[in-house]
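In UniProt numbering, the protein residues as written are 1 to 540.
Reading through the structure tokens given below for one structure.
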Ligand SMILES: Cc1ncc(COP(=O)(O)O)c(C=O)c1O
């Protein structure tokens with residue numbers, strides 16, 4: 001029992017910062033139970049905890065820190081935004097499978113950002129092993145203090161080569177790259193105004209906020225909304241248009257060329273995040289901007305300025321399609337030198353581990369030469385979307401590799417992911433607020449090149465079954481609600497059938513090298529049965 005005296009500072013804090021009243025304090029007893037298959041972070045696995053002291057740590061009138069922490073956590077549990085982690089171990093030689101650490105069973109991972117399995121590619125593993133043995137685990141310090149090496153120089157040269165930019169700067173995460181670059185630009189350009197797409201990633205939002213520049217948020221991918229805001233300022237005012245090439249929670253693709261047109265008309269520079277597109281689009285894997293001029297980049301016959309050239313700053317992550325860790329910006333030599341010289345998140349941090357940098361470079365070099373991984377992935381994406389459309393599953397329409405399945409309720413989304421995990425051995429993650437708006441909760445599926453036809457059918461069969469068991473809204477229901485039009489629901493992808501080499505024969509999935517289902521997965525009949533009993537007779 002907490003004394004009224006100890007209550008008071010929390011009540012005051014809560015009254016001021018969290019709620020309008022002072023009686024919303026609740027104790028740990030109110031904490032909801034942990035859902036099946038998931039654990040809170042288990043401190044016993046981290047190390048032995050010191051014995052608990054019974055003596056009070058603070059004087060009676062001090063702020064009740066621990067109670068406040070519990071209060072915030074309880075509130076998150078109540079509004080369904082509390083985050084649960086699933087403990088799985090990825091199986092390097094059986095991508096995309098992982099082992100559930102609770103049950104020991106294998107699960108098929110359909111939500112990884114290691115889209116191209118570069119995290120277990122022999123070229124990456126060998127480069128990392130060599131670097132580890134040659135240079136050791138640590139880089140020696142920040143880039144200013146012993147942390148600058150030929151490894152980081154060659155990595156940055158590869159990044160610049162990938163995006164055909166004069167220079168690049170590597171950071172230890174994509175988050176740090178976005179935040180640092182936008183803070184630098186927004187604070188160094190005098191009276192700068194930043195125009196940010198409303199669905200931008202948290203790293204860009206934080207960079208923009210922390211730059212203290214004036215900012216406007218434009219409606220997602222809405223050129224009229226952007227132009228109306230740009231037109232508020234004279235051409236000589238420095239402006240940055242910040243956006244993503246592909247938005248990871250809805251899969252939508254930005255109208256890049258039209259945004260560049262507006263930037264040129266209104267005297268702005270463009271800052272575009274390609275984090276989820278690197279390795280997955282373009283003949284060389286440089287992203288969506290490269291893909292928009294596919295044949296020019298493929299043939300090397302470049303006439304005029306390409307879309308990639310028109311974007312002033314491209315930011316990216318090495319942690320997704322490139323399979324290791326880190327992030328970067330690529331741009332003009334002067335802009336890169338400015339960020340290198342000013343950005344605190346660049347200057348005051350230790351350079352990435354040599355092995356990670358060597359792995360990142362190997363992944364880029366591999367992608368520049370080998371389009372087969374992205375072609376296999378994009379073929380599977382198109383197949384999954386067509387199968388889902390045949391069963392009216394509510395895929396938020398988009399032209400990218402992402403498959404967001406709308407559910408619209410946090411509790412139901414959790415039930416879907418629990419059922420998939422526990423009964424079908426399929427792992428997808430629930431996406432809820434604040435990552436997406438309340439009532440827009442969804443599961444976000446990311447097929448890989450290794451998800452062959454049998455795995456696709458197992459996934460679609462499980463979803464059809466669960467949608468029917470829980471009575472969830474179908475695609476046509478969302479269309480009736482006006483969330484998207486029937487015409488948008490037609491499956492069209494940025495990768496054309498011709499680019500995927502599918503024009504010569506019937507539509508096919510890329511083959512999986514795994515024999516599937518695995519022996520410790522649910523009986524095939526269970527999963528396949530859902531397809532045959534509840535859905536159209538044949539899958540296109
Ligand atoms: C659009 C976008 N940008 C940047 C990042 C950050 O990249 P990283 O994971 O390398 O920090 C993410 C990560 O989820 C992202 O989705």
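Think of the CB as a built atom: it goes at the ideal place given N, C-alpha and C, for glycine as much as any other residue.
On a predicted model such as this, the values are computed, not experimentally measured, just so you know.
For residue 221, the shortest separation between its Cβ and any heavy atom of ligand 1 does not lie below 7 Å. Taking a contact as a CB-CB distance under 8 Å, the pair residue 358 and residue 130 counts as one, their CB atoms being some 7 Å apart. When Cβ pairs closer than 8 Å are counted between the two stretches, the stretch 200-212 is seen to touch the stretch 170-188, the count reaching three or more. Within the same chain, Cβ atoms closer than 6 Å to the Cβ of residue 267 are found at 235, the five residues on either side in sequence being excluded. When DSSP states are grouped into helix, strand and coil, residue 106 belongs to the strand group. Residue environment for residue 481: exposed (fewer than 16 other C-beta atoms within 10 angstroms of its C-beta). Exclusion of residue 242 from the 7 Å shell around ligand 1 follows from its C-beta lying no nearer than that to any non-hydrogen atom of the ligand. Under the 10 Å beta carbon count, residue 492 is surrounded by fewer than 16 other beta carbons and is classified as exposed.
Scanning the stretch 254-296 for uninterrupted beta strand (DSSP E) segments of 3 residues or longer gives 268-273, listed from N- to C-terminal end.
A direct Cα-Cα distance of roughly 20 Å separates residue 166 from residue 264. Counting the other CB atoms within 10 Å of its CB gives residue 83 a total below 16, which places it among the exposed residues. An exposed status is given to residue 490, since fewer than 16 other beta-carbon atoms sit within 10 Å of its beta-carbon. Put simply, the stretch 118-127 touches the stretch 361-375. At least three CB pairs are less than 8 Å apart. Boundaries for residue 434: no beta strand (DSSP E) harbours it, and the DSSP string shows neither H nor E there. Looking at the DSSP output, residue 239 bridges to 193 and 268. Shown here for residue 353: same chain residues with a beta carbon closer than 7 Å to its own, the five before and five after excluded, namely 137, 138 and 139 in chain order.
Here residue 330 is bridged, per DSSP, to 168 and 314. In the structure shown, the three-state DSSP call for residue 427 is strand.
Not a single heavy atom of ligand 1 lies less than 7 Å from the C-beta of residue 346. By alpha-carbon distance to residue 86, the top candidate from 102, 176 and 335 is 102. Remark: C-beta atoms of residue 242 and residue 292 do not approach each other more closely than 8 Å.
In this structure, the beta-carbon distance from residue 403 to residue 445 falls below 8 Å. Residue environment analysis places residue 434 among the exposed positions, since fewer than 16 neighbouring C-beta atoms fall within 10 angstroms of its C-beta. When secondary structure is reduced to three states using DSSP, residue 118 falls in the helix class. Beyond the five residues adjoining it in sequence on each side, residue 279 comes within less than 6 Å, by CB distance, of 116, 285, 321, 322 and 367 in the same chain, given in chain order. Bounds of the beta strand (DSSP E) holding residue 98 are 97-100.
The stretch 341-352 makes no contact with the stretch 369-384; the number of CB pairs closer than 8 Å stays below 3. As summarised for the stretch 441-512, the continuous alpha helix (DSSP H) elements at least 4 residues long and confined to that stretch are 453-470, 475-480 and 486-489, given in chain order.
In this structure residue 283 is not in contact with residue 397, their Cβ atoms being roughly 25 Å apart against a cut-off of 8 Å.
For ligand 1, a non-hydrogen atom lies closer than 7 Å to the CB of residue 174. In this structure, DSSP gives residue 375 a helical state, which the three-state scheme calls helix.
Excluding the 5 residues flanking it on each side, residue 337 has same chain C-beta neighbours closer than 8 Å at 167, in chain order.
In this structure, residue 315 lies near residue 327, with their beta-carbon atoms less than 8 Å apart.
By a beta-carbon distance limit of 8 Å, residue 119 contacts residue 324. Their separation comes to about 7 Å. Distances between the C-beta of residue 432 and the heavy atoms of ligand 1 are all 7 Å or more.
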